[in-house]
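S.K.: Below are the structure tokens for one structure; questions will follow.
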Amino acid sequence: FDEDDNLKAGIARLYEQISRPIMIDTNYEFGAADIYGLQPRTFPALFQGSRFFMTGRYKNPGLSAVSVAGTSTDGITALDYRLPFSSETDQNKFAERIWAKETIDDIERQIAVYGETDSLKNLDIAISLQYNIRCKYTAFIADYENEATTVRTLEPEIAQPVTSYIVGNYPNPFNPTTHIQFYLDENAGHFGQKFLRVYNMLGQLVAIIDISKLGPGMHTVIFNGMDFQGNPLPSGVYICQLVAGKQVSTIRVSLMK
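Using the working numbering, read the sequence shown as starting at 4 and increasing by one per residue.
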């Protein structure tokens, strides 16, 4: 809990959740899809009303059986589903970047706990370079001659980001509002569109903040936790995306009630 959190309400929410268990020691099996690179590697216990997401890669498109097994109040329990895995590589591209970011975070947790190895470091850098997502060993730079943004490994002097990007948000988790801080580079006045877009974990666009009138520099806007119709969004993890012309920067934010 943070200092200004309502402890009584928070404890009540926690008790309400854990008083309705569904399954512990959960495990997932994905049949013909041939899943790999699954995150998280350890799955949480399931309670009524709780939610989490997993992300991974698959080799075989088409319908595939998905089984969820674990221990419930009735003993060993298994739930079976059939889910479609698309063969289209250009659909839901946001999910690929979420997988990359979750994998980078997992690698860097391993490094923090067990220490750096060449294999972990090289894998971290490889994913960072492939998906243009900064990791602890890389930084973004701008090539103005070719008007392209690239990622390069850090030299002894740390490179400073010079393209438009989201700095972060505070507080995080938040309820009901949060301040989103972002930087627009010196070309911001020439961008055709500038927005902050908020997506839920299903990839559905739930809110847009128009920042088209803002010029270059550091800015902070307030996100009120409401959807397009002015309804409060439910608790969960959301993707906040800065779109400034062709530049895109993404962070995760958590709404907790």
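Cβ atoms here follow ideal geometry from the backbone N, Cα and C, with glycine treated the same way.
Quick one: grab the DSSP three-state call for L187.
M.R.: In the sequence shown, counting from the first residue as 1, residue 187 sits at position 184. Note: L187 maps to strand in three-state DSSP.
S.K.: Given this structure, state the Cα-to-Cα distance separating I254 from A81, to the nearest angstrom.
M.R.: The residue labelled residue 254 in the question sits at position 251 within the sequence shown. The residue labelled residue 81 in the question sits at position 78 within the sequence shown. Computed Cα separation, rounded: 35 Å.
S.K.: Relative to the C-alpha of Y18, which residue among S131, A35, G40 and Q51 is closest?
M.R.: In the sequence shown, the residue the question calls residue 18 occupies position 15. Among S131, A35, G40 and Q51, the Cα nearest to that of Y18 is on Q51.
S.K.: Would you give the residue range spanned by the alpha helix (DSSP H) that I128 belongs to?
M.R.: For the purposes of this step, residue 128 is taken as the residue at position 125 of the sequence shown. Element bounds for I128: D121 to Y134.
S.K.: DSSP state of A81, grouped into three classes?
M.R.: Taking the sequence shown and counting its residues from 1, the one referred to as residue 81 is at position 78. It is a strand residue.
S.K.: Between Y186 and S167, what straight-line distance do the alpha-carbon atoms span, to the nearest angstrom?
M.R.: Within the sequence shown, residue 186 is the residue found at index 183, counting from 1. Within the sequence shown, residue 167 is the residue found at index 164, counting from 1. Computed Cα separation, rounded: 5 Å.
S.K.: From G171 to D77, what does the alpha carbon distance come to, in whole angstroms?
M.R.: Residue 171 sits at position 168 when you count from the first residue of the sequence shown. Residue 77 sits at position 74 when you count from the first residue of the sequence shown. When rounded, the distance between both Cα atoms is 44 Å.
S.K.: Would you be able to state if there are at least three C-beta pairs under 8 Å between the region 173-180 and the region 213-228?
M.R.: Yes, the region 213-228 touches the region 173-180.
S.K.: Check each candidate in K249, P219 and I211 and name the one with the smallest Cα separation from Q232.
M.R.: Taking the first residue of the sequence shown as position 1, residue 232 is located at position 229. Closest by alpha carbon: I211.
S.K.: In the DSSP assignment, find the beta strand (DSSP E) that holds Y117 and state where it starts and stops.
M.R.: In the sequence shown, the residue the question calls residue 117 occupies position 114. First-last for Y117: K96 to Y117, but that is the alpha helix (DSSP H), not the beta strand (DSSP E).
S.K.: Under 8 Å between the Cβ atoms of V69 and L86?
M.R.: The residue you call residue 69 lines up with position 66 of the sequence shown. The residue you call residue 86 lines up with position 83 of the sequence shown. In this structure, L86 lies closer than 8 Å to V69 by Cβ.
S.K.: Residues in the same chain with beta-carbon distance under 6 Å from Y84, minus the five sequence neighbours each way, listed in chain order, please.
M.R.: Along the sequence shown, read from residue 1 onward, the residue named residue 84 stands at position 81. Cβ within range, chain order: V69.
S.K.: Buried or exposed: where does K249 fall if 16 or more other Cβ atoms within 10 Å of its Cβ makes it buried?
M.R.: Translated into the one-based positions of the sequence shown, residue 249 becomes position 246. Label assigned to K249: exposed.
S.K.: Going by DSSP, what residues sit across from G73 in a beta bridge?
M.R.: Residue mapping note: residue 73 aligns to position 70 of the sequence shown, counting from 1. G73 is bridged to T80.
S.K.: Scan the region 167-243 and note each continuous beta strand (DSSP E) run of 3 residues or more that stays entirely inside, going in chain order.
M.R.: Listed in chain order, they are 168-173, 181-187, 197-202, 208-213 and 220-226.
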